[in-house]
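Enquirer: Can you read through this structure? Questions will come right after.
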Amino acid sequence: MTSPKIKILAISGSTRNNSSNFKILKYISNSLKPEFEVEIFEGLEMLPHFNPDLDTDHPPQEILSFRDKIINADGVMICTPEYVFSLPGSLKNALEWCVSTTIFSNKKTGLITASASGEMAHEQLLLIMKTLEAKFDDSTQLLIQGVRGKVNADGEIVSEETENALQNFAKNFKNQFL
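Just so we're aligned: the sequence shown equals residues 24 to 201 in the working numbering.
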């Protein structure tokens, strides 16, 4: 009898089709097999703008569905670019819909910022996820700078240093569950 797979919800902070962030999540998803089942959330741009007046006992259906995905996941992985020295608005919007909940409290989380620079967005991502009480540490967070030169159009990691960092990240993320 096989044990059930560990469910991971992966969120790309980029809404661009086939972005470097999406490719990195696919790469890590393949590294986590066969024990893990990774779902890459692709509805970020469909979430309504955060409005506290709508964050009531009956928030919009898209928000309920998004929150349910987080609740039903054993862990969450986020990989995001940096836009104008900050998190992309669509990712920040999604996270703002989680502030009034406890769905990230002690949720095992992996955090990657992959961008040209990424330092400011990474700092903000860590602060927001700490505020949401997500469970992560130095071994389950990673900053990849100059990502466009490290991931090719086919999603292959072309930098040995980056591939080693991603393999190490995947191993550390996996170890939280095993």
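Positions of the beta carbon are idealized from the N, C-alpha and C atoms, including for glycine.
The structure displayed is predicted, hence computed values, not measured ones.
A137 lies in the beta strand (DSSP E); which residues open and close that run?
Expert: K131 to S138
Enquirer: At what residue ranges does the stretch 42-87 contain a whole run of the beta strand (DSSP E), taking only runs of 3 or more?
Expert: As far as the stretch 42-87 is concerned, its whole beta strand (DSSP E) runs of at least 3 residues are 59-64.
Enquirer: Output the distance between the C-alpha atoms of S140 and L110, rounded to the nearest integer angstrom.
Expert: 12 Å
Enquirer: Looking at the structure shown, is I180 part of a helix, part of a strand, or coil, going by DSSP?
Expert: Reduced to three states, the DSSP call for I180 is strand.
Enquirer: Determine, using beta carbons only, whether L166 and I47 come nearer to each other than 8 Å.
Expert: no
Enquirer: Based on the DSSP output, what are the partners of G169 in its beta bridges?
Expert: DSSP lists no partner for G169.
Enquirer: Taking a contact to mean a Cβ-Cβ separation below 8 Å, would you say T103 touches G133 in this structure?
Expert: no
Enquirer: Looking at the unbroken alpha helix (DSSP H) that takes in L150, where does it start and where does it end?
Expert: E142 to T154
Enquirer: Give the range of the beta strand (DSSP E) segment to which K30 is assigned.
Expert: Where K30 is concerned, the enclosing beta strand (DSSP E) stretches over I29 to S35.
Enquirer: Alpha carbons only, please: which of N74, A137, C121 and G169 is nearest the one belonging to A157?
Expert: C121
Enquirer: Just verifying my parser: in three-state terms, what is the DSSP assignment at K190?
Expert: The sequence given here places Gln at residue 190; Lys does not occur at that position. DSSP places Q190 within a helical segment (H, G or I) once states are collapsed to three.
Enquirer: For L148 versus T136, is the C-beta spacing smaller than 8 Å?
Expert: yes
Enquirer: Assuming contact is defined by CB atoms lying nearer than 8 Å, are S54 and V174 in contact in what I supplied?
Expert: Pairing S54 with V174 gives a Cβ-Cβ distance that is not under 8 Å.
Enquirer: In its own chain, which residues sit with a C-beta less than 6 Å from the C-beta of F45, not counting the 5 before and 5 after it?
Expert: Excluding sequence neighbours, F45 sits near S35.
Enquirer: Grouping DSSP H, G and I as helix and E and B as strand, with all else coil, what is I94?
Expert: helix
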